[in-house]
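Undergrad: Got a structure for you, written out below as structure tokens; questions coming shortly.
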Amino acid sequence: MAKRKRDTIEEFAVIKRIRYDENTKCVKLSNMSNIVQSWVVRGEVSSVSSIRLCTVGKVEKSVFNFELRDDTGVIRATAYGTTADGIHDKLQNGMIMQLHNFKIKAINPAFNSTGNEYEIEVDERTFIREVTDCPTVEEKKSLPYTEFHDVQSSTDTGIAINVVGIIKRVGDIKEFQSKSSAKSLKKRDVILMDENKNTCVVTMWNDDAVDWKYVPRDIITITGAGINEFCGFYSVKLYRTSVIIKDAAYAKSVMLKGLLDELMPQL
DNA sequence: CCCCCCCC
33 MAKRKRDTIE EFAVIKRIRY DENTKCVKLS NMSNIVQSWV VRGEVSSVSS IRLCTVGKVE
93 KSVFNFELRD DTGVIRATAY GTTADGIHDK LQNGMIMQLH NFKIKAINPA FNSTGNEYEI
153 EVDERTFIRE VTDCPTVEEK KSLPYTEFHD VQSSTDTGIA INVVGIIKRV GDIKEFQSKS
213 SAKSLKKRDV ILMDENKNTC VVTMWNDDAV DWKYVPRDII TITGAGINEF CGFYSVKLYR
273 TSVIIKDAAY AKSVMLKGLL DELMPQL
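Read in our numbering, the first sequence has 260 at position 228, and its numbers run on one by one without any break.
Here it is in structure tokens:
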């Protein structure tokens, strides 16, 4: 089949070069939040958030985030409204998706932990389709991970991070009253271990705590997590937008899986 | 266009 120009697949790293590229179809370099691309990207779905409601003006609409990875990196995408409702249940980790006609905008590091400078906005004009006959991702650039010893010495708790580790221990649910809102809160602490046997506490709240389904020796990657500080002790916490991925396709998760018996012998 | 807060 003859390859049309518009079917050229752009690597995610290319998106970074938009602001320097005189020949792209980008029209507004000064307003990165509203560039309509005629480009096409393709990537493997690596993280899908749950769907949630947001209020824009007086209208309530669905929104969720997902991430795609290709050989060159990772990009986060956000889908809204009926588009979000239409595609959310179809997206599964491992699927290769191709996107046409998306917008890009500069990321906010408080919400975006992919390491990319830009992210994708999916709107009603965006085409998304699964591609089945294509090469698998050869990871040259992964997610940026925050090492557990760096969690302990964090200086900026307002940045979204990614962590990966082996579950060492799963705590029980603890329930108490919120002082500020008189709400009943539930939390669950889980201890993760890395390849150096450093550990880190990860705190799950409410539904994430109640619906917890992972067990010791599972390898989980958490995208878009936060850092919590209490009396000089730092831990990882989950946000509503954070995603837990068991046995992620990323190299570090695969590496930990290979070291599992050595790091945490089966009883 | 949306999320980041909940406790010791």
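Ideal placement from N, C-alpha and C gives every residue a C-beta, glycine not left out.
Just grab the DSSP bridge partners of I191 for me.
TA: Note: I191 sits in no beta bridge, so no partner.
Undergrad: Kindly provide the ranges of any beta strand (DSSP E) runs that are 3 or more residues long and lie completely inside the region 121-153, ordered along the chain.
TA: 128-132 and 135-138
Undergrad: Within 10 angstroms of its Cβ, does A111 collect 16 or more other Cβ (buried), or is it exposed?
TA: buried
Undergrad: With H, G and I counted as helix, E and B as strand and the rest as coil, what does DSSP make of N260?
TA: Residue state, collapsed to three classes: strand.
Undergrad: Nearest-angstrom Cα distance between S186 and G256?
TA: 16 Å
Undergrad: So the beta strand (DSSP E) A109 belongs to, where does it begin and stop?
TA: G105 to Y112
Undergrad: Out of T178, S79 and S210, state which residue places its alpha-carbon closest to the alpha-carbon of K122.
TA: S79
Undergrad: Give me the DSSP bridge partner(s) of T235.
TA: D221 and K269
Undergrad: Can you tell me the Cα-Cα spacing of L291 and K215, whole angstroms?
TA: 42 Å
Undergrad: To which residues of the same chain is A280 closer than 6 Å at the C-beta, ignoring the five residues directly before and after it?
TA: T253
Undergrad: Rounded to a whole number of angstroms, what is the C-alpha to C-alpha distance between N140 and Y177?
TA: Approximately 17 Å between the Cα atoms of the pair.
Undergrad: Under the assumption that K218 contacts N238 (Cβ atoms under 8 Å), give the Cβ distance between them as a whole number of angstroms.
TA: 5 Å
Undergrad: Is any heavy atom in the ligand NAD found nearer than 8 Å to the beta carbon of R84?
TA: Annotation note on the ligand NAD: not contained in the displayed structure, which lists no ligands.
Undergrad: Skipping 5 residues on each side, what residues in its chain have a beta carbon closer than 6 Å to that of S81?
TA: The answer, listed in chain order, is F96, N97, T273 and V275.
Undergrad: Can you find the residues in the same chain that come closer than 6 Å, C-beta to C-beta, to Y52, ignoring five residues on each side of it along the sequence?
TA: Model confidence at Y52 stands at a pLDDT of 33, short of 50, so the residue's coordinates are unreliable and nothing is read from them.
Undergrad: With a threshold of 8 Å on Cβ separation, who are the neighbours of I83 within its own chain once the five nearest residues in sequence on each side are excluded?
TA: S94, V95, F96, A116, D117 and H120
Undergrad: Tell me the DSSP secondary structure of T253 in three-state form.
TA: strand
Undergrad: Can you grab the Cα-Cα spacing for the pair S210 / R249, in whole Å?
TA: 32 Å
Undergrad: Decide if E151 is buried, meaning its Cβ has at least 16 other Cβ atoms within 10 Å, or exposed.
TA: By the neighbour-count criterion, in which 16 or more other beta carbons inside 10 Å mark a residue as buried, E151 falls on the buried side.
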